[in-house]
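Be aware that the sequence shown starts at 46, since it is given in this note's numbering, and climbs by one per residue. Each residue gets a CB set at the ideal place from its N, CA and C atoms; glycine is no exception. Since this is a predicted model, take the numbers as computed values, not measurements.
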Amino acid sequence: RSKTTAMVCLLLVAMFGVATTGFAYDPKQIDARVVQGLEDWDKVVTNSEEIADMAEGLLVCPKITKVGLGVGAEKGNCALMVDGRTVEYWRASAASIGLTAGVQTTGSVVAFMTPDALAKFRASDRGWEAGVDGSIAVAKVGAQGTMSTAQMKDPIMGWIYSYKAQIMTVMAVSVFVMIKFLPNRNR
């Protein structure tokens, strides 16, 4: 039964991805959202600049929207930044099946802390799946909004810095995939 559920989720991700491949993506619009996203991340994690300096690269997903009613779909545009510059654009897509209803929007930052973790992510042109191609350690921020850099021992760290929801998920199985969609060849 779990294989059937996983197959349905993968099919939904594929359908969602195909349905959105014809849309035009404006790199300038994505970059503007990324700048705002980094500012929002800095409000939550006050030493975010120190973390960014330590990281080999940052994947900034300023707005990922999830909608669902039993079956859910999630999508957002992300920018991979290396040395403070956008080097690639990625699309976050996910599908879920279960007891889900509503809409939610999140913003997140994923920090690749080692050259190997960043290289593996960038080499995955056909899709990178969290938990399969790399495990993301979700960072815990202290009461002062800082995170001890001594805590950052994992090769990939993640932060959700904004969360707006009108959604209820009681139990759902989901698959989350990152796909490179617009190489930034002009930078």
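Assign residue 22 to one of three DSSP states: helix, strand, or coil.
With the chain covering only 46 through 232, there is no way to say anything about residue 22.
Which residues in the same chain have their Cβ closer than 6 Å to the Cβ of residue 206, if we skip the five residues on either side of it in sequence?
For residue 206, where only same-chain residues beyond five positions count, the Cβ hits under 6 Å are 85, 86, 89, 152.
Is the Cβ-Cβ distance between residue 103 and residue 146 less than 7 Å?
no
I need the boundaries of the beta strand (DSSP E) containing residue 132, first residue and last residue.
130-157
With a CB to CB cut of under 8 Å and the five nearest residues on each side skipped, what residues in its chain are close to residue 76?
124, 131
Find the nearest neighbour of residue 99 within the set 204, 208, 160, judged by alpha-carbon distance.
Out of 204, 208, 160, 160 has the C-alpha closest to the C-alpha of residue 99.
Looking at the secondary structure, which residues open and close the alpha helix (DSSP H) in which residue 88 lies?
Note, residue 88: alpha helix (DSSP H), 72-89.
Given a threshold of 16 other Cβ atoms within 10 Å of its Cβ, counted over all protein chains shown, does residue 149 qualify as buried or as exposed?
buried
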